[in-house]
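Under UniProt numbering, the first residue of the sequence shown is numbered 1, with each subsequent residue one higher. This report refers to the structure that appears directly beneath it.
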Amino acid sequence: MSETGLSFIIVGASVAGLASAIALKTSGHNVLVLEKDTQLGGASSGLNGCSRVPPNGCKILSDWGLEAEAKAHAAIMNGFSFHKYDEGNLPGQDLLALNRFDPEMLTEARGGYMQFRHQDLLRMLYDTAMRPPSRKPEEESLGKVSVIFGAEAVNVDCDACSVTLRSGEVHTGDAIIGADGANGVVRRALMQEEDADPENDTPTGLAMYGAIIPKKLVIDHGLGVFYNGELTATVWMGSGRGSMTCNVGKADDITLWVYTPDGSQNGTWTEKAEKNLADVVGPCHEQIQKLAALAEQATCVQIKEPYQLESWVSESGRVLVLGDAAHPFPPGAYHSYSVALEDGTFIGKIFSHTRNRDRVPEFLYAFQEHREARCARIREMEKEYIDLITMSDDEMRAERDAGMRANHAAGRNAMDGDLGQMLDDFQMVFGYDARDDADEWWINWGRLRDSPSGAGSNRGSRCLGG
């Protein structure tokens with residue numbers, strides 16, 4: 001086994017990419033991060049956005065020594081209120097029910113629910129990745145992280161384990177990790193191996209618009225309903241459309257997301273929407289109309305059913321995708337940020353057990369084996385949330401609303417009873433520990449294998465995990 005760490009190339013200084021860099025550095029490996037934008041967060045540093053990080057992600061930040069810094073940059077969510085999107089214009093007339101997170105559940109999960117500005121979360125992770133080791137003995141074996149901005153990857157050679165930049169520069173490593181999103185060059189390389197069309201994602205007919213509105217504007221315009229005590233989040237359910245809000249960042253501003261069929265722009269989080277947010281909300285509660293009118297800049301992202309990669313690992317066994325590059329979540333998903341943090345933590349943790357280049361394929365396939373089922377279930381949960389918010393069936397909507405109102409009148413949580421499965425799902429998501437999962441693979445499988453069984457064999461059977 002080599003005395004020095006492995007050499008990883010990460011394409012994309014995203015949350016998933018930076019989390020992977022931190023975890024791999026902690027495990028003693030050297031990491032080069034290639035980011036196409038010229039600054040951290042790119043154009044989104046102007047538009048910005050909200051990063052929701054549930055307890056399963058917050059415990060990772062805490063384990064990295066970032067608990068105090070995270071609390072200083074985040075708004076805390078303890079629950080949310082449900083409202084009618086398209087009925088009633090008087091305060092309280094729209095309210096269906098409240099849902100508070102069980103404090104015991106949060107304690108068992110070892111974390112709270114934090115809501116950051118996207119740029120603040122990225123900066124925290126970047127600073128942690130780039131922080132030089134101290135003189136403490138436990139940090140003597142740390143690897144090194146380098147980040148190159150303005151480094152747009154245009155080609156990934158999976159066999160040579162190399163990345164070619166638009167400048168013509170070529171970088172080669174022991175492994176490549178694609179953390180450049182659902183439209184990134186690394187995901188496209190793996191789709192090409194599966195003869196899949198990169199443009200075959202299926203539109204759902206809904207788009208998500210998002211914007212952050214300063215707290216002062218919200219308060220000055222009499223929209224105190226969006227500062228709902230300790231809950232700090234609202235869900236507005238309509239027919240074929242709906243919205244969500246939450247407090248965000250240390251300034252306690254309001255993020256507004258709107259699900260709408262009225263936006264055809266195939267945009268991204270880093271470009272300004274062509275339509276004003278107020279023009280796409282449709283028939284809705286007056287409070288939503290007023291809030292949308294305050295949004296000076298918004299983004300528009302189409303909600304699509306993405307192509308599902310058969311393998312997150314290249315045929316060579318040297319290239320892996322994670323985060324949205326592996327399992328794209330719907331825009332505005334509740335769990336996308338925490339799952340990205342989990343992905344990075346898991347890959348770094350399993351590689352704490354080897355510096356042997358020959359075992360790279362085995363470890364990359366183990367990542368997919370242990371992570372795929374969980375990510376698929378959480379992605380389905382996100383789709384269920386959208387269906388709940390935008391439900392168009394009149395009879396089912398009436399039953400849903402009646403059940404919530406009955407719970408509220410009885411002092412129960414909104415999701416008690418018929419929606420209890422969603423609460424169980426929350427508990428399943430929140431209670432997960434990526435490091436424990438990685439340790440389980442190592443104890444049950446990884447430590448028993450002295451050498452890889454071959455990349456081709458791994459790809460065919462993918463039977464390394466439990």
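Yeah, the Cβ is synthetic: ideal placement off N, Cα and C, and Gly gets one too.
- Pairing Ala373 with Trp441 gives a Cβ-Cβ distance that is not under 8 Å.
- Burial check for Ala251: the Cβ neighbour count within 10 Å stays below 16, so the residue is exposed.
- Look at the beta carbons and you see the stretch 233-240 touching the stretch 273-291: at least three pairs across the two are nearer than 8 Å.
- If you ignore the 5 residues before and after Met404, its C-beta comes within less than 7 Å of the C-beta of Phe82, Leu96, Ala97 and Ala414, all in its own chain and listed in chain order.
- Taking all protein chains shown into account, Leu448 has fewer than 16 neighbouring C-beta atoms within 10 Å of its C-beta and is therefore exposed.
- In the DSSP assignment, Cys375 falls within the unbroken alpha helix (DSSP H) covering Val360 to Ile389.
- Segment contact: the stretch 142-154 against the stretch 62-74, fewer than three CB-CB distances shorter than 8 Å; contact not assigned.
- If you draw a straight line from the Cα of Ala153 to the Cα of Leu165, it is about 4 Å long.
- Following the DSSP letters along the chain, one finds Gly57 inside the alpha helix (DSSP H) bounded by residues Pro55 to Asp63.
- Within the stretch 260-310, the runs of alpha helix (DSSP H) that reach at least 4 residues and sit entirely inside it are, in chain order, 286-293.
- Taken in chain order, the unbroken stretches of beta strand (DSSP E) that lie wholly in the stretch 98-132 and span 3 residues or more are 114-117.
- According to DSSP, Gly205 shares a beta bridge with no other residue.
- The Cβ atoms of Gly181 and Ala325 sit closer than 8 Å to each other.
- DSSP places Asn247 within a strand segment (E or B) once states are collapsed to three.
- One alpha carbon belongs to Ala23, the other to Asn99, and they sit about 34 Å apart.
- Within the DSSP secondary-structure output, Lys84 pairs in a beta bridge with Met237.
- DSSP, read as helix, strand or coil, puts Asp252 in coil.
- With respect to the 8 Å criterion, Ala196 and Gln302 are not classified as neighbours on the basis of their beta carbons.
- Nearest neighbour of Gly224 by Cα position, chosen from Asp253, Arg110, Pro198 and Glu369, turns out to be Asp253.
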